[in-house]
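If you're matching positions, the sequence shown starts at 27 in this note's numbering and goes up one per residue. Ideal Cβ placement from N, Cα and C applies to all residues, glycine included. Bear in mind the structure is a predicted one, so any value in this text is a computation, not a measurement.
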Amino acid sequence: MPAGHGLRSRTRDSFSRPFRKKGTIALTTYLRTYHIGDYVDIKVNGAVHKGMPHKFYHGRTGRVWNVTKRAIGVEVNKQVGNRIIRKRIHVRVEHVMPSRCTEEFRLRKVKNDQLKAEAKAKGEVISTKRQPEGPKPGFMVEGATLETVTPIPYDVVNDLKGGY
Numbered sequence: 027m028p029a030g031h032g033l034r035s036r037t038r039d040s041f042s043r044p045f046r047k048k049g050t051i052a053l054t055t056y057l058r059t060y061h062i063g064d065y066v067d068i069k070v071n072g073a074v075h076k077g078m079p080h081k082f083y084h085g086r087t088g089r090v091w092n093v094t095k096r097a098i099g100v101e102v103n104k105q106v107g108n109r110i111i112r113k114r115i116h117v118r119v120e121h122v123m124p125s126r127c128t129e130e131f132r133l134r135k136v137k138n139d140q141l142k143a144e145a146k147a148k149g150e151v152i153s154t155k156r157q158p159e160g161p162k163p164g165f166m167v168e169g170a171t172l173e174t175v176t177p178i179p180y181d182v183v184n185d186l187k188g189g190y
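Printed below as a string of structure tokens:
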């Protein structure tokens, strides 16, 4: 019998609840505040059937464009053929979690502001641009001894007889 092509086909593992995470959903899921422009990760919770996004969006990151009473409007990029379309979907809060994709950027921004303030106090001009990691410095190998390795000649006649 051929495989089905239904809405939730091939989601047996992806929509299942993680190990030791089954049961009632944590209250923080419902008490979180989302603002327009926030980045969110779409992670389907198989226990909640309402407001569930299509399996394509599971694991995708998007931006919040609308906030309603129980759901969040998320804008996600989707490749269709040779173009990328911005899809706007509404997903319930149970299937959404705040993304950490901008975490490194925010920390770097705070650090750069501190460095700029310190440099301004000293009267210096600094560059906060990220520089690529250059080539590793060279070094001399000392105390190494050379050892010449030569292969043992292969003897076909003795090998056929059963060894040396």
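* To do: Thinking TYR83 and ILE68 are a contact (beta carbons under 8 Å), I'd like their distance in whole angstroms, please.
  => As a working mapping, residue 83 is identified with position 57 in the sequence shown. As a working mapping, residue 68 is identified with position 42 in the sequence shown. Confirmed, Cβ separation roughly 5 Å.
* To do: Look at the Cβ atom of LYS104, then the Cβ atom of ILE98, and state whether they are nearer than 8 Å.
  => In the sequence shown, residue 104 corresponds to position 78, counting from 1. In the sequence shown, residue 98 corresponds to position 72, counting from 1. Inclusion of LYS104 and ILE98 in the CB contact set at 8 Å is not warranted, their separation being larger than that value.
* What's the C-alpha gap between LEU141 and MET166? -> Looking up residue 141 in the sequence shown gives position 115. Looking up residue 166 in the sequence shown gives position 140. For LEU141 and MET166, the distance between alpha carbons rounds to 37 Å.
* DSSP on HIS116, reduced to helix/strand/coil? -> As a position in the sequence shown, residue 116 is number 90, starting the count at 1. Judged by DSSP in its simplified three-state form, HIS116 adopts strand.
* Asked: How many angstroms separate the CA atom of HIS121 from the CA atom of LEU133?
  -> Indexing the sequence shown from 1 puts residue 121 at position 95. Indexing the sequence shown from 1 puts residue 133 at position 107. Roughly 27 Å separates the two Cα atoms.
* Asked: By the 10 Å Cβ neighbour count, where 16 or more other Cβ atoms means buried, how is GLY160 classified, buried or exposed?
  -> Taking the first residue of the sequence shown as position 1, residue 160 is located at position 134. Exposed.
* Go ahead and label ILE178 buried or exposed: buried means 16 or more other beta carbons lie within 10 angstroms of its beta carbon, across all protein chains shown. => Walking along the sequence shown from the start, residue 178 turns up at place 152. By the Cβ neighbour-count rule, ILE178 is exposed, with fewer than 16 other Cβ atoms within 10 Å of its own.
* Asked: Nearest CA to the CA of GLY63: which residue from THR54, GLY72, TYR180, SER125?
  -> Start at 1 with the first residue of the sequence shown, and residue 63 comes out as number 37. Among THR54, GLY72, TYR180, SER125, the Cα nearest to that of GLY63 is on SER125.
* **Own chain, CB closer than 6 Å to LYS113, minus 5 neighbours either side, in chain order** => In the sequence shown, the residue the question calls residue 113 occupies position 87. Here LYS113 has VAL102, LYS104 as same chain residues with Cβ atoms under 6 Å from its own Cβ, once five neighbours each way along the sequence are excluded.
* Asked: CB-CB under 8 Å to HIS116, same chain, minus the five flanking residues each way: which ones, in chain order?
  -> Within the sequence shown, residue 116 is the residue found at index 90, counting from 1. Leaving aside the five residues that flank HIS116 on each side, the residues in its chain whose CB is nearer than 8 Å to its CB run, in chain order, GLY77, ASN92, THR94, ALA97, ILE98, GLY99, VAL100.
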